[in-house]
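A short worksheet on the structure shown next.
In our numbering, the protein residues as written are 38 to 1183.
Spelled out as C-alpha cells, the structure:
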C-alpha cells in the first residue's frame, strides 16, 4: 500500500532543503505480513534542515490543525497531487491479487515491501506531489515540497530525499529550526476495504524551540520509549492479524466441508506446522479426546502420536503442532480417540505435501544410507556386546580351565609318584639270565649298554630284536626305540644295544619285540609286567615332584590351547563347506556364476528345465526380485532366458542391487505366467554377500514337552535343543517354552529365576526363566501340580496334561506381549498348539505368527497329528524319504502341498571326537586311525574282549521291533562267523524282548567271551567309546524317520551299515551302488546299505563290508576319513528350516 503525504507549512515560512535532506519514517507496527491489510497505523517523523526567514526564529510557535484529508480534495498551498491510494475496495482487490501471485514461501516483510513499492511507483508515474513509500528494511527516495525561489519562498517544487528506517538522526548543515512530529494515524474500520471503514487523523504538534543540547539529551530517551511502545503495539497487532487470518481460514474450510487444514498453508521442511481437525465433520464428533497418529513419506519415516487440544475457533476445531523434519516430502496421518475409533479419511488417510528438495527417489536413497548406518551401528553394538560377553566367558572358562589343569597336574603327579613307587619295588639292576646293564650305576644323560638273552624267551626264534622303551612308568610314552645286535657274551643267546638314559628318568621301562613299533607282532613283556630298572643316581626328591607338577601343568595348558584352536578351525572349515554345498544343492536344476553372489555385481543364472515341471517347454521366463520378494523396487520385469553354451541349461544375467541380501526367483513357461517352477511353493533363494543392508532376524518360539539335556526321553529333545542353537547361531532370536517338571536336572540350567505369574484355565501358572545350552527357556509350572508327578510321559492323563500346557503356553505369549514370527510345535504332545492358536489367538493379539508343525514319529498320537496338519501353515518331518513313506497316510495326504522333509542333524559339540572326555585319544580326520585304534583297544580292555586287530561291529539302539531286532540277532552271528567282534549297547522297553537278549548275551558269553559282549542298559560314556572304537555301526531298522545313530557313527569315523529306509536312505550312500545319488547331493559314498528285511538282504551288505576291512585296509581307512569330513551337524538343516520359516511368511 502507498499513500501520499500531505503536510502543510505556514506560508510565511520559507523552507529550503539541501540535496541530502533526510526524512525519517518510523512505523508504529509492522507493516504487512503475507496476508491482506486489516489494520494499519503509521507514524511519520520528519527531521529536515529548515532554512527560515530572518525573523522566523523569533516568532512564537503556532498550532496548525490540518483537517481530515478526503480523497477528492487537493491540499491548499500544494501542487496538484495524486489522490490517496487507500480506502477503496478496488485497490484492496488489486492488492490481494498481487499477494496471490507472489510465491508462498516469500517472507512477510519482503512481500509487503514489494506490494508497497509497486503502488508508490504507480502514484509517482501519474501524479506529482509527495508520494509516501513505506517499507521496513529498505531505504527509498521521498520527494519533499519546497519553494521554487529559495530566498523568497515563492513557488513550490519537489526534491527526492532519502527515507531512513534506522534510529539514527541525520543532520545536514546548520540546524536552525525543526519540525516536531507529524502524526498520521490511519485506522481501517468496517465499512470500506472489504466492508471496512476508514478514519484518518493527522495532527501537527506544537512546535517548540529547543536548544541543541536539550534536543540531543532527550532524543535517546524518546527513541527508547518510542521503540518499546512500537514493539508492544506491533506484537498486539500481529496477534490480532493472525487471529483474523486463522478465523477466516477456519471459516473458509468449514464452509467447504473440509475436515482439516494446516498453517502455514504451504508446508516446508524443517518447520513447525499446526494441524486443525473439525470434530463435527469427522467420525470423532462425540469423542472427548482426539489424537493424531502419523509418519512421514508414505508412513516410512519417524512415526509420531500427539494429542489435539480444542480451540476457540468457530466450528469446533481441534489442533496440535507438528515438526516437519528436513527429510520429509510428505506427512501422512490419521486421527483417533486413543482407542479403536479412527478418522482415516475414508480409509485413504490424510496426507500433506512438503515443499523442499526431498522427493521419493531421494528419500529411498536416504533410507538406504540410514539403514546402512543403522546396521553398522547395531552391528558395532552387537559385536561389542558379543566381544564383552565372549571376553567374560573366556575369562571364566580360562579360570576354570586353569583350576582344572592344576588339579589334573596334581592328580597326575600323585598318580605317577605312587606308580613310580610301585615300579621301583619291581625294578632291579638286572635279571642275570634275561637282561643286564653296564654300568650298573648311572644317571640321566649317561650312555649304557643293555643286554638281552633271548634263549627260552618269546623271541627265541625272532630274526630281529628291538627294544621299545620309556621311563618313569611310561610317563612320556615311547621314548627309546633301538634295534639290538648280537653280543659276544657267552652262556646264552645274548643281544645288546647302546641306550642313552633320559634326563628326567628315575626308572627305565621297556619291552623287547621282533620289530619296530607298528610292525612288531611278537613281544617279550616280562609276562605283562614289562621290564624296569632304577636309575641309581636319579632318586627324586620333593623339588623333583614340584617341578614335575609344573611341567605337567604347562603341558596341559599348551595341549588345551592347541585343541581349542583345532576345534574352531575344523568348525569354520566345516561350515564353509556346508554353505557351498547348500548353494550347490540344486545344481542339477539351477546354479549361478559366480557361486558367491555379490551385491552391486552382475550374476548369471543357469537353469535346467529338464529336471523340473517345465521340461519340454519351448520357452523359459525368469522372474526375479530380492530380499524375500520385499525389495523397494519390486520384482524385475519377466525376462526370457536364452539357451546356454552347454545346450542343456537356459541362461540370464541380472544386476544385483547394493542393498540386496537375498536373491529370489522362479521360472515360468510364458511371459504372463502359465506353468511355474517355484520349488514346490518354496521358491528359489540364494544368499547375497556384501549388501549394505542386513536381513532382519526372525523370532522363533518352540513349544515342546522335551528338551535335551534337561528333559530328554528320545530324539525329540535333541532336535529341539540342537535346531534352536543352530538357528540362533544364524543370527535369529529363538526361545523355548517347556513344562517345569519336578524331575528335571536343573544343574544344566543357568541363571534360573522367577519370571512372572499369570492365571488361566482356573489355575495360577508360575513362569520361571533360565538358559539351557545358551537358549532362553520359559518354564511353565501350573500350581495345580500337573507336572509335579516325577516323570515326563507314562501317566494316563498325558493328553490332558500336554493339552493344558499348550493352551497355557499360548496364553503366556498373549499376556506377555510376545509377537513371534514362528510358533514351532512338535509331535502329538504339542500338536494342540496348531489348532488352539488358529481358533483362539490368531485374531486376538498374536496375529503376527505362523505355525510350523514337525512330525518326529507318526506311530504315536495320530489323531492329534492329523488335526495339527490341518491347521498348521507348514508341516515337516525328519527326512525326505520318510515324508514320502508316510504321504499316503490319511492324516498327511490332504496336506501334501505344505508338507516337507528336512533331515535332522547332530550336535557337533556333544559328539566331538576332538574334544570327547570319554575316549582315550582325541582325534580329527587328520589322525582318525590313531584315535580309533586307541579307542578300540580301550573298548576291548573295558569289556574283556580279545585285544586283537579284528573287525569290530557296534550296535547302539533301543531293542524294539522297529529297530529290526531279528536282523540284529542275525548280524551278531554273521559277524562272529567272519571272525569279527561285536558289541551291543541298548535296552528293551518290552520285558520279553529284554529277557530274550539277556539269554542271548549269556549264551555268547559262554561261547564267544573274547569276541562278543552285550551291555543291556543305558550307558552314555560307553556309547561314546563304542562309536569311536568300532569299525562299523549297524542300523538295520525296519523303518526309521531319521535316525541319529548313523550320523554320530560317521562323526567318529565309523562306517555305517544300514537298511534303506527313511533318514537312513537320505544320509547313507552305498559305496558300490549310490555314487550318482551321492554326487547329486554334493557328497561321496559313505557306507554299506541293503533294502530287504530278511537276513539274506543284510548279508549282502555285511559280505561286502568285512572284506573291505580285511583286504583293502588303506581304502577302508580313507573311507573312515571321508565320513568324518562330511557335515552331519545342524548347519545344513538350520538353513533348510530358515527357508521353510520364510516361506510361511510370504
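Positions of the beta carbon are idealized from the N, C-alpha and C atoms, including for glycine.
Restricting to Cα atoms, I'd like to know which of 750, 295, 286 and 315 is closest to residue 302. 286
Around the Cβ of residue 639, are there at least 16 other Cβ atoms within 10 angstroms (buried) or fewer (exposed)? exposed
So residue 358 is in the beta strand (DSSP E); what residue range does that whole segment cover? 354 to 361
By DSSP, does residue 300 sit in helix, in strand, or in coil? strand
For residue 821, count neighbouring C-beta atoms within 10 Å of its own C-beta (all shown protein chains included) and say buried if the count is 16 or more, exposed if not. exposed
When you compare only the Cα positions, how much space is there between residue 432 and residue 666? 44 Å
Candidates 652, 1183, 1173 and 791: closest to residue 767 by CA position: 1173
Using only CA atoms, which one of 686, 319, 596 and 542 lies nearest to residue 627? 686
Per the contact definition of three or more C-beta pairs closer than 8 Å, is the stretch 853 to 873 in contact with the stretch 893 to 907? yes
Opening and closing residue of the alpha helix (DSSP H) in which residue 1004 lies: 1002 to 1014
Bridge-paired residues (DSSP) for residue 330: 342 and 371
Can you tell me the Cα-Cα spacing of residue 337 and residue 385, whole angstroms? 16 Å
Which of helix, strand or coil DSSP assigns to residue 382: coil
Residue 772 (DSSP reduced to helix, strand or coil): strand
Could you pull out every unbroken beta strand (DSSP E) segment of at least 3 residues lying fully inside the stretch 571 to 659, listed in chain order? 627 to 630 and 639 to 644
Check for me: the beta strand (DSSP E) holding residue 849 runs from which residue to which? Taken as a continuous stretch (DSSP letters only), residue 849 belongs to no beta strand (DSSP E), being part of the alpha helix (DSSP H) at 835 to 853.
At which residues does the alpha helix (DSSP H) containing residue 1033 begin and terminate? 1028 to 1044
Would you please state the rounded distance, in angstroms, between the beta carbons of residue 697 and residue 668? I believe it to be under 8 Å. 7 Å
Through-space distance from residue 706 to residue 1107, alpha-carbon basis: 38 Å
Residue range of the beta strand (DSSP E) that includes residue 544: 544 to 550
Short check: CB of residue 283 to CB of residue 300, under 8 Å? yes
Determine the DSSP secondary structure at residue 212, reduced to helix, strand or coil. Residue placement at residue 212 cannot be trusted, given a pLDDT of 36 that sits under 50; the coordinates are not used to answer.
Residue interval of the alpha helix (DSSP H) (run including residue 861): Note, residue 861: premise wrong, no alpha helix (DSSP H); beta strand (DSSP E) at 859 to 863.
Coil, strand or helix - residue 1170 by DSSP: helix
For residue 955, which three-state DSSP category applies? coil
C-beta neighbour in chain D for residue 745, strict 8 Å: The chain labelled as chain D is not found in the depicted structure, where only one protein chain is given.
Evaluate residue 549 with the Cβ neighbour count: other Cβ atoms within 10 Å of its Cβ, from every protein chain shown; 16 or more gives buried, anything less gives exposed. buried
Using the beta-carbon count (16 or more within 10 Å), is residue 1190 buried or exposed? What is shown of the chain runs 38 to 1183, which leaves residue 1190 out entirely.
Would the beta-carbon of residue 372 fall within 8 Å of that of residue 327? yes
Might you give, ordered along the chain, the residues of its own chain that have their beta carbon closer than 6 Å to the beta carbon of residue 1119, omitting 5 neighbours on each side? 618 and 621
Closest Cα partner of residue 1086 within the set 475, 1097, 464 and 1072: 1072
Have a look at 1129, 976, 1105 and 1113 and flag the residue whose alpha-carbon is nearest the alpha-carbon of residue 1156. 1105
Checking 8 Å against the spacing of the C-beta atoms, do residue 1067 and residue 990 come in under that value? yes
Helix, strand or coil at residue 924 according to DSSP, with G and I counted as helix: coil
Bridge partners of residue 700, per DSSP? 663 and 723
Closer than 7 Å by C-beta to residue 975: which residues in its own chain qualify, once you throw out the five before and the five after it? Chain order, please. 957, 1062 and 1066
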